[in-house]
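Participant: Residue numbers (my numbering): 23 to 197. Quick one: the structure is below, and I'll ask about it shortly.
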Amino acid sequence: MSDDEKELFRRAMSGIKPLSSESRIDTPVKKPRPRARFSRADRKEVLRESLLSDIDSMEYGNADSLRFQRASVGRRTMRKLARGGFSVQAEIDLHGMTIAEAKPRLAAFIESSVLQGQLCVRVVHGKGLGSGHRGPVLKVNVNRWLRRWDAVLAFISARQVDGGTGAIYVLLRKQ
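Structural data, given as C-alpha coordinates:
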(Lines of atoms letter the chains of each structure in order from A and count residues from 1; the text may use other names and numbers.)
(Lines give C-alpha, C1' and ligand atoms only; values in the text may rest on other atoms or scores of the structure.)
Protein backbone atom coordinates (compact mmCIF):
# COMPACT_ATOMS: atom_id res chain seq x y z
CA MET A 1 0.00 0.00 0.00
CA SER A 2 1.13 3.51 -0.67
CA ASP A 3 1.41 6.12 2.09
CA ASP A 4 -1.66 7.94 0.74
CA GLU A 5 -3.73 4.74 0.92
CA LYS A 6 -2.55 4.07 4.49
CA GLU A 7 -3.47 7.61 5.56
CA LEU A 8 -6.87 7.31 3.87
CA PHE A 9 -7.52 4.05 5.71
CA ARG A 10 -6.51 5.56 9.09
CA ARG A 11 -8.91 8.47 8.58
CA ALA A 12 -11.71 6.12 7.60
CA MET A 13 -11.13 4.04 10.71
CA SER A 14 -10.85 6.95 13.16
CA GLY A 15 -13.39 6.71 15.95
CA ILE A 16 -13.84 2.98 15.43
CA LYS A 17 -13.39 0.77 18.51
CA PRO A 18 -12.36 -2.86 18.18
CA LEU A 19 -14.84 -5.46 19.41
CA SER A 20 -14.10 -7.09 22.72
CA SER A 21 -13.54 -10.82 22.70
CA GLU A 22 -16.81 -11.27 24.67
CA SER A 23 -18.94 -9.67 21.98
CA ARG A 24 -17.57 -11.72 19.13
CA ILE A 25 -19.79 -14.34 17.57
CA ASP A 26 -18.15 -17.42 16.21
CA THR A 27 -19.77 -18.48 13.00
CA PRO A 28 -19.99 -22.24 12.69
CA VAL A 29 -17.88 -23.72 9.97
CA LYS A 30 -20.04 -25.69 7.56
CA LYS A 31 -18.83 -29.20 7.09
CA PRO A 32 -18.68 -30.33 3.50
CA ARG A 33 -21.49 -32.69 2.50
CA PRO A 34 -20.34 -36.30 2.44
CA ARG A 35 -20.12 -37.90 -0.96
CA ALA A 36 -20.18 -41.59 -1.60
CA ARG A 37 -17.02 -42.37 -3.48
CA PHE A 38 -18.22 -45.60 -5.01
CA SER A 39 -21.93 -44.93 -5.53
CA ARG A 40 -21.75 -44.76 -9.32
CA ALA A 41 -19.82 -48.03 -9.51
CA ASP A 42 -22.22 -49.62 -7.01
CA ARG A 43 -25.25 -48.57 -9.07
CA LYS A 44 -23.71 -49.99 -12.23
CA GLU A 45 -22.97 -53.28 -10.46
CA VAL A 46 -26.54 -53.55 -9.14
CA LEU A 47 -27.91 -52.87 -12.62
CA ARG A 48 -25.57 -55.46 -14.14
CA GLU A 49 -26.59 -58.08 -11.55
CA SER A 50 -30.29 -57.36 -12.04
CA LEU A 51 -29.98 -57.80 -15.79
CA LEU A 52 -28.17 -61.11 -15.36
CA SER A 53 -30.55 -62.50 -12.72
CA ASP A 54 -33.53 -64.66 -13.52
CA ILE A 55 -36.66 -62.57 -12.87
CA ASP A 56 -38.64 -65.55 -11.53
CA SER A 57 -36.01 -66.36 -8.93
CA MET A 58 -35.92 -62.70 -7.88
CA GLU A 59 -39.72 -62.44 -7.59
CA TYR A 60 -40.62 -65.81 -6.21
CA GLY A 61 -37.44 -67.19 -4.71
CA ASN A 62 -37.20 -64.76 -1.82
CA ALA A 63 -38.37 -66.71 1.21
CA ASP A 64 -38.43 -63.65 3.42
CA SER A 65 -40.64 -60.74 2.47
CA LEU A 66 -42.97 -60.05 -0.42
CA ARG A 67 -43.41 -56.68 -2.12
CA PHE A 68 -45.30 -55.55 -5.21
CA GLN A 69 -46.67 -52.26 -6.45
CA ARG A 70 -48.20 -51.04 -9.66
CA ALA A 71 -46.70 -47.95 -11.30
CA SER A 72 -49.60 -45.84 -10.03
CA VAL A 73 -48.72 -46.54 -6.38
CA GLY A 74 -46.16 -44.14 -4.92
CA ARG A 75 -43.34 -44.68 -2.42
CA ARG A 76 -45.21 -42.88 0.37
CA THR A 77 -48.18 -45.17 -0.02
CA MET A 78 -45.92 -48.23 0.06
CA ARG A 79 -44.15 -46.93 3.16
CA LYS A 80 -47.53 -46.37 4.84
CA LEU A 81 -48.68 -49.86 3.83
CA ALA A 82 -45.47 -51.44 5.16
CA ARG A 83 -45.84 -49.66 8.51
CA GLY A 84 -49.40 -50.88 8.92
CA GLY A 85 -50.73 -47.37 8.37
CA PHE A 86 -53.89 -48.52 6.58
CA SER A 87 -56.76 -49.97 8.56
CA VAL A 88 -57.10 -53.67 7.73
CA GLN A 89 -60.77 -54.06 6.85
CA ALA A 90 -60.90 -57.82 6.25
CA GLU A 91 -58.68 -60.88 6.55
CA ILE A 92 -58.43 -64.35 5.07
CA ASP A 93 -56.34 -67.18 6.49
CA LEU A 94 -55.09 -69.55 3.78
CA HIS A 95 -52.29 -71.36 5.51
CA GLY A 96 -52.79 -75.08 5.72
CA MET A 97 -54.83 -75.12 2.49
CA THR A 98 -53.79 -76.77 -0.74
CA ILE A 99 -53.23 -74.64 -3.83
CA ALA A 100 -56.47 -75.99 -5.33
CA GLU A 101 -58.38 -74.81 -2.24
CA ALA A 102 -56.57 -71.53 -1.74
CA LYS A 103 -56.79 -69.95 -5.21
CA PRO A 104 -60.60 -69.85 -5.58
CA ARG A 105 -61.04 -68.76 -1.95
CA LEU A 106 -58.51 -65.96 -2.34
CA ALA A 107 -60.06 -64.85 -5.65
CA ALA A 108 -63.53 -64.76 -4.10
CA PHE A 109 -62.20 -62.88 -1.05
CA ILE A 110 -60.48 -60.22 -3.17
CA GLU A 111 -63.55 -59.81 -5.40
CA SER A 112 -65.85 -59.54 -2.40
CA SER A 113 -63.56 -57.03 -0.69
CA VAL A 114 -63.47 -54.81 -3.78
CA LEU A 115 -67.27 -54.96 -4.12
CA GLN A 116 -67.61 -53.92 -0.46
CA GLY A 117 -65.31 -50.94 -1.09
CA GLN A 118 -62.53 -52.18 1.18
CA LEU A 119 -59.17 -50.55 0.61
CA CYS A 120 -56.79 -52.71 2.65
CA VAL A 121 -57.03 -56.40 3.54
CA ARG A 122 -54.67 -58.92 5.10
CA VAL A 123 -53.93 -62.31 3.56
CA VAL A 124 -52.35 -64.91 5.84
CA HIS A 125 -50.51 -67.41 3.68
CA GLY A 126 -48.12 -68.89 6.23
CA LYS A 127 -44.35 -69.12 6.07
CA GLY A 128 -44.21 -72.53 4.40
CA LEU A 129 -42.39 -74.20 7.28
CA GLY A 130 -44.50 -77.33 6.81
CA SER A 131 -43.63 -77.61 3.13
CA GLY A 132 -40.24 -79.20 3.78
CA HIS A 133 -37.63 -79.00 1.03
CA ARG A 134 -40.16 -77.52 -1.45
CA GLY A 135 -40.18 -74.26 0.45
CA PRO A 136 -43.20 -71.98 0.88
CA VAL A 137 -45.46 -73.25 -1.91
CA LEU A 138 -48.60 -71.34 -0.95
CA LYS A 139 -46.68 -68.12 -0.32
CA VAL A 140 -45.09 -68.27 -3.76
CA ASN A 141 -48.43 -68.88 -5.45
CA VAL A 142 -50.26 -66.13 -3.54
CA ASN A 143 -47.47 -63.77 -4.66
CA ARG A 144 -47.96 -64.86 -8.29
CA TRP A 145 -51.78 -64.69 -8.24
CA LEU A 146 -52.06 -61.26 -6.64
CA ARG A 147 -49.67 -59.74 -9.18
CA ARG A 148 -51.94 -60.88 -12.01
CA TRP A 149 -55.22 -59.55 -10.63
CA ASP A 150 -56.12 -56.01 -11.69
CA ALA A 151 -57.98 -55.33 -8.44
CA VAL A 152 -54.68 -55.52 -6.53
CA LEU A 153 -52.71 -52.25 -6.53
CA ALA A 154 -49.94 -53.31 -4.14
CA PHE A 155 -48.98 -55.72 -1.39
CA ILE A 156 -46.19 -56.05 1.13
CA SER A 157 -45.28 -58.44 3.94
CA ALA A 158 -47.01 -57.57 7.19
CA ARG A 159 -45.43 -56.19 10.34
CA GLN A 160 -44.27 -58.82 12.82
CA VAL A 161 -47.29 -58.25 15.09
CA ASP A 162 -49.62 -58.96 12.15
CA GLY A 163 -47.97 -62.16 10.93
CA GLY A 164 -44.60 -60.97 9.61
CA THR A 165 -43.48 -62.81 6.50
CA GLY A 166 -46.38 -65.23 6.88
CA ALA A 167 -48.94 -62.56 5.93
CA ILE A 168 -49.29 -59.59 3.60
CA TYR A 169 -51.19 -56.33 3.52
CA VAL A 170 -53.00 -55.94 0.21
CA LEU A 171 -54.04 -52.56 -1.16
CA LEU A 172 -57.10 -52.81 -3.41
CA ARG A 173 -58.40 -50.70 -6.27
CA LYS A 174 -61.50 -48.63 -5.59
CA GLN A 175 -64.56 -49.81 -7.47
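Beta carbons: idealized from backbone N, C-alpha and C, even for Gly.
#1: Could you pull the DSSP bridge partners for Leu194 from this structure?
#2: How about Leu88 and Asn165: do their beta carbons lie closer than 8 Å?
#3: Report, in whole angstroms, the separation of the C-beta atoms of Val136 and Leu194, which I expect to be a contact under 8 Å.
#4: How far does the alpha helix (DSSP H) with Arg97 in it reach, from first residue to last?
#5: Here's a check: name, in chain order, each residue in its chain whose Cβ is nearer than 6 Å to the Cβ of Ile121, leaving out the five neighbours to either side.
#6: Skipping 5 residues on each side, what residues in its chain have a beta carbon closer than 7 Å to that of Arg170?
#7: Roughly how many whole angstroms lie between the Cα atoms of Lys149 and Arg55?
#8: Excluding the 5 residues preceding and the 5 following Gly185 in the sequence, name in chain order all residues of the same chain whose CB lies nearer than 6 Å to its CB.
#9: Using only the alpha-carbon positions, how far apart do Gln140 and Arg70 sit?
#10: Val110 and Val143: beta carbons closer than 8 Å?
#11: In three-state terms, what does DSSP make of Ala85?
#12: Since Ala122 is in the alpha helix (DSSP H), which residue starts that stretch and which ends it?
#13: Just verifying my parser: in three-state terms, what is the DSSP assignment at Phe90?
#14: From Gln182 to Leu160, what distance separates their C-alpha atoms?
#15: Looking at the unbroken alpha helix (DSSP H) that takes in Arg144, where does it start and where does it end?
#16: With distance defined between alpha-carbon atoms, name the residue in Asp86, Glu133, Phe108, Ala130 nearest to Pro158.
#17: Going by CA-CA distance only, name the one from Ile178, Ser134, Gly188 that's closest to Lys196.
Facilitator: The answer reads as follows:
#1: Reading the sequence shown from its first residue, position 172 is the one you call residue 194. Paired residue(s): Val174.
#2: Here residue 88 refers to the residue found at position 66 of the sequence shown. Here residue 165 refers to the residue found at position 143 of the sequence shown. Their beta carbons are under 8 Å apart, which means Leu88 touches Asn165 by this criterion.
#3: The residue you call residue 136 lines up with position 114 of the sequence shown. The residue you call residue 194 lines up with position 172 of the sequence shown. Separation of the CB atoms of Val136 and Leu194 is rounded to 5 Å, and the pair is thereby assigned contact status at 8 Å.
#4: In the sequence shown, the residue the question calls residue 97 occupies position 75. Arg97 -> alpha helix (DSSP H) spans 97-104.
#5: One-based indexing of the sequence shown puts residue 121 at position 99. Only Asn163 meet the Cβ criterion.
#6: Here the question's residue 170 lines up with position 148 in the sequence shown. None.
#7: Walking along the sequence shown from the start, residue 149 turns up at place 127. Walking along the sequence shown from the start, residue 55 turns up at place 33. Those two C-alpha atoms are separated by around 43 Å.
#8: Residue mapping note: residue 185 aligns to position 163 of the sequence shown, counting from 1. Correct list, in chain order: Val146.
#9: Translated into positions along the sequence shown, residue 140 becomes position 118. Translated into positions along the sequence shown, residue 70 becomes position 48. In a straight line, the C-alpha of Gln140 is about 40 Å away from that of Arg70.
#10: Stepping through the sequence shown from its first residue, residue 110 is reached at position 88. Stepping through the sequence shown from its first residue, residue 143 is reached at position 121. Going by C-beta atoms, Val110 is nearer than 8 Å to Val143.
#11: Counted from its first residue, the sequence shown places residue 85 at position 63. Any reading at Ala85 is ruled out, since the residue's pLDDT is 49, under 50, leaving its predicted position unreliable.
#12: In the sequence shown, counting from the first residue as 1, residue 122 sits at position 100. It spans 121-137 - the alpha helix (DSSP H) in which Ala122 sits, taken as one unbroken run.
#13: Here residue 90 refers to the residue found at position 68 of the sequence shown. Correct three-state label for Phe90: strand.
#14: Numbered from its first residue, the sequence shown carries residue 182 at position 160. Numbered from its first residue, the sequence shown carries residue 160 at position 138. Cα-Cα distance, rounded: 19 Å.
#15: Counting from one through the sequence shown, the residue named residue 144 turns up at place 122. Taken as a continuous stretch (DSSP letters only), Arg144 belongs to no alpha helix (DSSP H), being part of the beta strand (DSSP E) at 142-146.
#16: The residue given as residue 158 occupies position 136 in the sequence shown. For Pro158, the nearest C-alpha among the options comes from Asp86.
#17: In the sequence shown, counting from the first residue as 1, residue 196 sits at position 174. The residue with the shortest Cα to Cα distance from Lys196 is Ser134.
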